[in-house]
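Residue numbers (this note's numbering): -12 to 90.
Structure representation (structure tokens):
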């Protein structure tokens, strides 16, 4: 599976071309949106973007793991993990179905 990685600069350039803001304004807009998403997730809130997906933070409890090399049991500390769940629209687009939201 080969593809290119979309960067902040790519997003800013897209906003610049599609919306018509200046390059600086486009960059500021992208940074503001990303900062808002990050801050919401850091507070433990969910972020839902229509036709794209939702980001949630999940608390995982402590559990016992095993070192695969030695077989020794090792405690895995509790932690918070970021979970992304793609929307049905995004899943359909990834799997080659036509975009039904533009119907």
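Beta carbons are placed, not taken as given, at the ideal position from N, Cα and C, and that holds for glycine.
Query - the region 10 to 17 in contact with the region 29 to 46 per 3-pair CB rule at 8 Å - result: no
Query raised in the report: Grouping DSSP H, G and I as helix and E and B as strand, with all else coil, what is residue 32?
Result: Residue 32 sits at position 45 when you count from the first residue of the chain shown. Coil, per DSSP.
Query raised in the report: Do the region 56 to 66 and the region 75 to 84 touch if we need at least three Cβ pairs shorter than 8 Å?
Result: no
Report task. Can you tell me which of 6, 68, 41, 49 puts its alpha carbon nearest to the alpha carbon of residue 78? Result -> Within the chain shown, residue 78 is the residue found at index 91, counting from 1. Of 6, 68, 41, 49, the residue nearest in Cα terms is 41.
Query raised in the report: Is residue 71 helix, strand or coil when you go by DSSP?
Result: For this step, residue 71 is matched to residue 84 along the chain shown. The answer is strand: DSSP assigns residue 71 an E or B state.
Requested in this report: For residue 68, count neighbouring Cβ atoms within 10 angstroms of its own Cβ and tell me buried if that reaches 16, exposed if not.
Outcome: Reading the chain shown from its first residue, position 81 is the one you call residue 68. Under this definition residue 68 is an exposed residue.
Query raised in the report: Helix, strand or coil: how does DSSP classify residue -9 here?
Result: Taking the first residue of the chain shown as position 1, residue -9 is located at position 4. Of the three classes helix, strand and coil, the one that applies to residue -9 here is coil, per DSSP.
Report task. Look up residue 154 in the DSSP assignment and say whether it is helix, strand or coil. Result -> Any question about residue 154 goes unanswered here, given that the chain covers just -12 to 90.
Requested in this report: Measure the alpha-carbon distance for residue 65 versus residue 21 and round it to whole angstroms.
Outcome: What you label residue 65 is simply residue 78 of the chain shown in a count that begins at 1. What you label residue 21 is simply residue 34 of the chain shown in a count that begins at 1. Cα to Cα, the separation comes out at about 27 Å.
Query raised in the report: Who are residue 96's beta bridge partners in DSSP?
Result: The first residue shown for the chain is -12 and the last is 90, placing residue 96 beyond what the model contains.
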